[in-house]
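Enquirer:
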Amino acid sequence: MDTKPPLPPFTFESATQKVRLAEDAWNSRDPARVALVYTEDTRWRNRAEFPVGRAQVREFLARKWARELDYRLIKELWAHDGHRIAVRFAYEWRDDSGHWFRSYGNEN
Numbered sequence: 007m008d009t010k011p012p013l014p015p016f017t018f019e020s021a022t023q024k025v026r027l028a029e030d031a032w033n034s035r036d037p038a039r040v041a042l043v044y045t046e047d048t049r050w051r052n053r054a055e056f057p058v059g060r061a062q063v064r065e066f067l068a069r070k071w072a073r074e075l076d077y078r079l080i081k082e083l084w085a086h087d088g089h090r091i092a093v094r095f096a097y098e099w100r101d102d103s104g105h106w107f108r109s110y111g112n113e114n
């Protein structure tokens, strides 16, 4: 399993660093790079899609970013308890007709 520091237990500083590294990966819009931020057996829910594992995450992100142009994400540490991190996020993107969208949410 590819696991990259910082690793649990998290301090405020290491949790913040982990969130920033994840934000940087997402803003690269590289599905392979983003998938490595998560565990091999990661389970996601995004609207009506439920990707499981890094391979499905890569496929999901490739489809997502083919539709969501000029994607930009901001992640913020919401909470941590030593072994878990929760983040709030906001992202914006435009479609191919030039309409802009903004979404908000959280992940833990």
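Numbering (the numbering used here), first residue to last: 7 to 114.
Backbone N, C-alpha and C fix where the C-beta goes; we use that ideal spot for every residue, glycine too.
Which of helix, strand or coil does DSSP assign to residue 38?
Expert: The count along the sequence shown starts at 1 and reaches residue 38 at position 32. Reduced to three states, the DSSP call for residue 38 is helix.
Enquirer: If distances are taken between C-alpha atoms only, which option among 80, 59, 70, 18 comes closest to residue 96?
Expert: Translated into positions along the sequence shown, residue 96 becomes position 90. For residue 96, the nearest C-alpha among the options comes from 80.
Enquirer: Taking a contact to mean a Cβ-Cβ separation below 8 Å, would you say residue 15 touches residue 88 in this structure?
Expert: For this step, residue 15 is matched to residue 9 along the sequence shown. For this step, residue 88 is matched to residue 82 along the sequence shown. Yes, these two residues count as a Cβ contact at 8 Å.
Enquirer: Quickly, what does DSSP pair residue 95 with across the bridge? List them, please.
Expert: Position 89 of the sequence shown, counted from the start, is the residue given in the question as residue 95. Partner(s): 81, 111.
Enquirer: Among 82, 84, 76, which residue has its Cα nearest to the Cα of residue 103?
Expert: Stepping through the sequence shown from its first residue, residue 103 is reached at position 97. Measuring from the Cα of residue 103, the nearest candidate turns out to be 76.
Enquirer: Please name the residue or residues paired with residue 55 in a DSSP beta bridge.
Expert: For the purposes of this step, residue 55 is identified with residue 49 of the sequence shown, where counting begins at 1. Answer by DSSP bridge pairing, in chain order: 52.
Enquirer: Report the rounded CA-to-CA distance for residue 47 versus residue 32, giving the unit in angstroms.
Expert: Counted from its first residue, the sequence shown places residue 47 at position 41. Counted from its first residue, the sequence shown places residue 32 at position 26. Distance between the alpha carbons of residue 47 and residue 32 is about 19 Å.
Enquirer: Taking the straight line between their C-alpha atoms, what separation do you get for residue 59 and residue 105?
Expert: For this step, residue 59 is matched to residue 53 along the sequence shown. For this step, residue 105 is matched to residue 99 along the sequence shown. Roughly 32 Å separates the two Cα atoms.
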